[in-house]
Structures are given as structure tokens and as C-alpha cells.
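Engineer: Residue numbers for the sequence shown follow our numbering, beginning at 131 and rising by one. One structure, pasted below without further comment.
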Amino acid sequence: MINPPLEVLLDKVGDKYTLSVLAAKRARQIIQCGEILVDGKPLKPVSVALKEIASGRITFERTKVGIK
Numbered sequence: 131m132i133n134p135p136l137e138v139l140l141d142k143v144g145d146k147y148t149l150s151v152l153a154a155k156r157a158r159q160i161i162q163c164g165e166i167l168v169d170g171k172p173l174k175p176v177s178v179a180l181k182e183i184a185s186g187r188i189t190f191e192r193t194k195v196g197i198k
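Here is the structure:
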């Protein structure tokens, strides 16, 4: 079971592709600097990134719409 639930994550982000890119980029940031924005026991970087996205601590903005 995924925690936080996938439905909650998709409501915050919109689609699975954006969610995976956002979580991967945030996990890399956590590995490099180690700053975690949510409380709780230490987890794997991707799990922490997903918890941060679900809690609303991590946001994103789309810079362009369409295909290059």
C-alpha cells in the first residue's frame, strides 16, 4: 500500500508523470542537502518527497504548455 495514497498525491499534482518527476527531483535535493520539510521518522528520500508533496510543502509550476 502506498502511503500517502496515490489519489491524494494526484489531487495535489495532476498526473502521474508530473508526480514522478517532482518526487525524483525532490528526492535528489534531500540526498544532496538533507533538509526535510516534514516531521516523522527518517525514511527513504523518495518516501519523504511524497510525504512533502501530499502535505503541500512542495509545489511546482509549469513553465510551458505543449510539445516542443
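Note that the Cβ used here is the ideal one computed from N, Cα and C, for glycine as well.
For Ala-179, collect the residues of the same chain with a Cβ closer than 6 Å to its Cβ; drop the 5 residues on either side in sequence, then sort them by chain order.
Structural biologist: So the qualifying residues of the chain are Ala-153, Arg-156 and Ala-157.
Engineer: Beta-carbon separation of Val-168 and Ser-185 under 8 Å?
Structural biologist: In this structure, Ser-185 lies closer than 8 Å to Val-168 by Cβ.
Engineer: Can you tell me the Cα-Cα spacing of Ile-160 and Ile-166, whole angstroms?
Structural biologist: Going from the Cα of Ile-160 to the Cα of Ile-166 covers about 7 Å.
Engineer: Does the Cβ-Cβ distance between Leu-139 and Ile-188 come in under 8 Å?
Structural biologist: Result no, Cβ atoms of Leu-139 and Ile-188 do not sit closer than 8 Å.
Engineer: For the alpha helix (DSSP H) that Leu-75 lies in, which residues bound it at each end?
Structural biologist: It is not possible to answer for residue 75, since the shown part of the chain is limited to 131 through 198.
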